[in-house]
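Some notes on the structure that comes next.
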Amino acid sequence: MINQIPINLLRFIFLLLAQLLIFSNVNFSSFINPYVFPLFILLLPFETPRWLLMLLGFSAGFALDVFLGSMAMHAAAGLLIGYSRPFLISIITPKGTEFEISPNVYAQGLTWFVVYLGVATTVYLTFYFLMEAATFLNLFFLVLKVILSVIMSVAFMLIFLYLFSSKKQRRFV
Amino acid sequence: MYNLFRFFLRYHLFILFISLEVFCFYLTYRSQKYNQAAYSNFASGVSGRMYESYTGITDYLYLRKMSDSLVNENAALRQKLIESKFDNLVDSARTIDTTGRYVQHFTYITARVIRNSVNQASNLIYLNRGKLQGLTRQMGVFNSNGIVGQVIGVTDNYAAVMSVLSKDFKVSAKLKKSEYFGNMHWDGINSTTATLEEIPKHVPVKIGDTIVTSGFSELFPRNIMIGTVKKVMMKPDKNFLDITVNLSTDFGNLSYVYVVKNMRRNELQLLDSLVKRND
Chain A
235 MINQIPINLL RFIFLLLAQL LIFSNVNFSS FINPYVFPLF ILLLPFETPR
285 WLLMLLGFSA GFALDVFLGS MAMHAAAGLL IGYSRPFLIS IITPKGTEFE
335 ISPNVYAQGL TWFVVYLGVA TTVYLTFYFL MEAATFLNLF FLVLKVILSV
385 IMSVAFMLIF LYLFSSKKQR RFV
Chain B
548 MYNLFRFFLR YHLFILFISL EVFCFYLTYR SQKYNQAAYS NFASGVSGRM
598 YESYTGITDY LYLRKMSDSL VNENAALRQK LIESKFDNLV DSARTIDTTG
648 RYVQHFTYIT ARVIRNSVNQ ASNLIYLNRG KLQGLTRQMG VFNSNGIVGQ
698 VIGVTDNYAA VMSVLSKDFK VSAKLKKSEY FGNMHWDGIN STTATLEEIP
748 KHVPVKIGDT IVTSGFSELF PRNIMIGTVK KVMMKPDKNF LDITVNLSTD
798 FGNLSYVYVV KNMRRNELQL LDSLVKRND
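This is how it looks when you write it as structure tokens:
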């Protein structure tokens, strides 16, 4: 359990830099704003207590906010998925599944991960874009932006997962 | 008392969640109210250094484009030199005393863009100039192609600029041909167009007409390029035209900008306060 801290810290720094220097810097389109950063919160160990999930989501989002100049919008969205992550996992996981320490694409399977990332990213981005626009006008634009951004974000997240996940099938008993 | 205690114990996670969310909303919308300056002071100080070193690397990729735009700018400036003008003053008996006739009204500070975005609902630009180089809030920013934005926060060495592509940005603009003026703001979707409002219906506007700054605000001098007319809409229930403007600045590709310093700003503000007091 102890060696989870350096792994997650490393992942946090890597995702923060990737988000700042690549995904928030490359100009895809006004409809496509990919955010890979929520992956940090989504890949925390299953056993993480809920208060810690919320605090980590909040502070990680705040770190991103400081660099992007968006005050506390990412902090609010990160806090929301930190809070709702346990619900989400319990809904989409079949009963009696054995877990590894952290979510792993080789252990949980691609389908589980696509649903997991898809739902969590949709929640995150909908909340973030709504806060950013601060209005419900232009709803069509917002919906299209969320859909396209979620597709791109999940695609980039899956690439990250297949590049950096460990293949060892070590079951957590 | 016991029930209250039990309530807190049972819902402590939800209460933590709600209170942190409320805190986030407070920070976000408070900063928007104060024109986002509150956090830029904090944030641009922290992240300015990182972005500057990053831009130091990526600048090499755009050297050709940058030198092209500088050459164009030089050519435009050369045209304005007195040597490039033909003197057709024939009336030699009348001499004009040029000393003291022209007083410097605007000066320009050059700055480099170290961070930029175009995809957000309110886009921020960071510059590598700040308080120590003479920047303050409420200064206009433009480059050789057109207007860029307005300074909203400064630290010692960095400044945050609210780009034209922000939902709070407004600028007074006029049609170069007919001098009719209106308010221009961004429509929030496309990073190449903005909307010009308050031009009366009887004004003839053609597609391709030039839009420039009016000089009515203290931010920009007169006649700085903004863009060209892309589309004109006439709605029967409104007294004004809806004009879509093609912005001439390419916001995806900013490198060097000029910050406008208005030497008469204090006097204008004094006048403002005098008028308000008499109301």
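Sequence lines, in order, name chains A and B.
Residues 235 to 407, numbered by our numbering, are exactly what the first sequence covers, in order.
Residues 548 to 826, numbered by our numbering, are exactly what the second sequence covers, in order.
The C-beta atom is built at its ideal place from N, Cα and C for all residues, glycine as well.
Since residue i meets chain B, which of its residues come closer than 8 Å, beta carbon to beta carbon?
i                : result
Met307 (chain A) : Cys571 and Thr575
Leu313 (chain A) : Phe564, Leu567, Glu568 and Cys571
Phe390 (chain A) : Those within 8 Å of Phe390 (chain A) in chain B number zero; the least Cβ separation is about 15 Å.
Met288 (chain A) : Leu560, Leu563, Phe564 and Leu567
Who are residue i's beta bridge partners in DSSP?
i                : result
His732 (chain B) : B:Lys717 and B:Thr742
Tyr803 (chain B) : B:Arg659
Pro747 (chain B) : B:Phe787
Ile694 (chain B) : B:Phe689
Met709 (chain B) : B:Leu671 and B:Gln697
Leu722 (chain B) : B:Ile758
Thr654 (chain B) : B:Lys808
Val792 (chain B) : B:Ala741 and B:Val776
Ile266 (chain A) : A:Ser263
Within 10 angstroms of its Cβ, does residue i collect 16 or more other Cβ (buried), or is it exposed?
i                : result
Ser761 (chain B) : buried
Lys580 (chain B) : Residue placement at Lys580 (chain B) is poorly supported in this model, since its pLDDT is 49, which falls under 50; the coordinates still yield a value, given next. By the 10 Å Cβ count, Lys580 (chain B) comes out exposed.
Met709 (chain B) : buried
Pro751 (chain B) : exposed
Gln667 (chain B) : buried
Gln253 (chain A) : buried
Thr331 (chain A) : exposed
Glu281 (chain A) : exposed
Tyr558 (chain B) : exposed
Ser550 (chain B) : Rather than Ser, the amino acid found at residue 550 (chain B) in this sequence is Asn. Answer is exposed; the Cβ neighbour count stays below 16.
Leu674 (chain B) : buried
Pro337 (chain A) : buried
Ala341 (chain A) : buried
Leu664 (chain B) : The question names Leu, yet the displayed sequence has Ser at residue 664 (chain B). When all chains shown are included, Ser664 (chain B) counts as buried.
Leu244 (chain A) : exposed
Ala623 (chain B) : exposed
Leu818 (chain B) : exposed
Gln697 (chain B) : buried
Ile746 (chain B) : buried
Glu726 (chain B) : exposed
Gly681 (chain B) : exposed
With respect to the alpha helix (DSSP H) encompassing residue i, which residues constitute its N-terminal and C-terminal limits?
i                : result
Thr757 (chain B) : Thr757 (chain B) -> not in any alpha helix (DSSP H); beta strand (DSSP E) instead, spanning Thr757 to Thr760.
Phe274 (chain A) : Leu273 to Leu276
Lys379 (chain A) : Leu373 to Phe398
Asn675 (chain B) : Note, Asn675 (chain B): premise wrong, no alpha helix (DSSP H); not H, not E.
Arg811 (chain B) : Where Arg811 (chain B) is concerned, there is no enclosing alpha helix (DSSP H), given that its DSSP letter is neither H nor E.
Pro337 (chain A) : No alpha helix (DSSP H) contains Pro337 (chain A), which DSSP labels as neither H nor E.
Asp299 (chain A) : Arg284 to Leu302
Leu256 (chain A) : Just to set this straight, residue 256 (chain A) is Ile in the shown sequence, not Leu. No alpha helix (DSSP H) contains Ile256 (chain A), which DSSP labels as neither H nor E.
Arg769 (chain B) : Unbroken run through Arg769 (chain B): none, as it is neither H nor E.
Glu281 (chain A) : Where Glu281 (chain A) is concerned, there is no enclosing alpha helix (DSSP H), given that its DSSP letter is neither H nor E.
Leu351 (chain A) : Leu344 to Ala367
Phe552 (chain B) : Tyr549 to Arg557
Give the residues of chain A in contact with residue i, contact being defined as C-beta atoms less than 7 Å apart.
i                : result
Tyr601 (chain B) : Leu255
Ser738 (chain B) : Ser264
Leu671 (chain B) : Gly303
Going along chain A in order, which residues have a C-beta closer than 9 Å to the C-beta of residue i?
i                : result
Ser664 (chain B) : Ser258, Asn259, Asn261, Leu302 and Gly303
Residue i touches chain B at which residues, Cβ-Cβ below 7 Å?
i                : result
Glu366 (chain A) : Gln667 and Ala668
Tyr317 (chain A) : Phe564
Trp285 (chain A) : Leu560 and Leu563
Asn465 (chain A) : The structure shown does not extend to residue 465 (chain A), since chain A is modelled only from 235 through 407, so no value can be given for it.
Phe292 (chain A) : Leu567
Starting from residue i, trace the beta strand (DSSP E) in both directions and tell me its first and last residue.
i                : result
Tyr317 (chain A) : Careful: Tyr317 (chain A) lies outside any beta strand (DSSP E), inside the alpha helix (DSSP H) at Met307 to Ile326.
Gly774 (chain B) : Met772 to Met781
Going along chain C, which residues have a C-beta under 7 Å from residue i?
i                : result
Phe375 (chain A) : Among the protein chains of the structure shown, namely A and B, there is no chain C.
Run down chain A in chain order and give the residues with a C-beta less than 8 Å from the C-beta of residue i.
i                : result
Ala707 (chain B) : Gly303
Mind listing the chain B neighbours of residue i? Cutoff is C-beta to C-beta under 9 Å, in chain order.
i                : result
Asn242 (chain A) : Simply none; closest approach about 20 Å.
Asn372 (chain A) : Gly735 and Ile736
Could you tell me if the beta carbon of residue i falls within a distance shorter than 7 Å of some heavy atom in the ligand FMN?
i                : result
Leu801 (chain B) : The ligand FMN is not among the ligands present in this structure, which contains no ligands whatsoever.
Cβ contact check for the segment 294 to 313 of chain A and the segment 381 to 394 of chain A: 3 or more pairs under 8 Å: They do not touch, by the three-pair rule.
Three-pair Cβ contact test at 8 Å for the segment 776 to 789 of chain B versus the segment 815 to 825 of chain B: Taking one beta carbon from each stretch, the segment 776 to 789 of chain B and the segment 815 to 825 of chain B have fewer than 3 pairs nearer than 8 Å; the two do not touch.
Cβ contact check for the segment 282 to 295 of chain A and the segment 311 to 319 of chain A: 3 or more pairs under 8 Å: yes
Inter-stretch contact at 8 Å, needing at least 3 Cβ pairs: the segment 686 to 698 of chain B / the segment 313 to 328 of chain A: Segments in contact, no.
Three CB pairs or more closer than 8 Å across the segment 355 to 367 of chain A and the segment 269 to 277 of chain A: yes
Cβ pair count under 8 Å reaching 3, the segment 785 to 801 of chain B against the segment 729 to 741 of chain B: yes
Contact the segment 656 to 675 of chain B vs the segment 801 to 817 of chain B: 3+ CB pairs below 8 Å: yes
Validate contact between the segment 675 to 683 of chain B and the segment 702 to 721 of chain B using beta carbons, cut 8 Å, 3 pairs: yes
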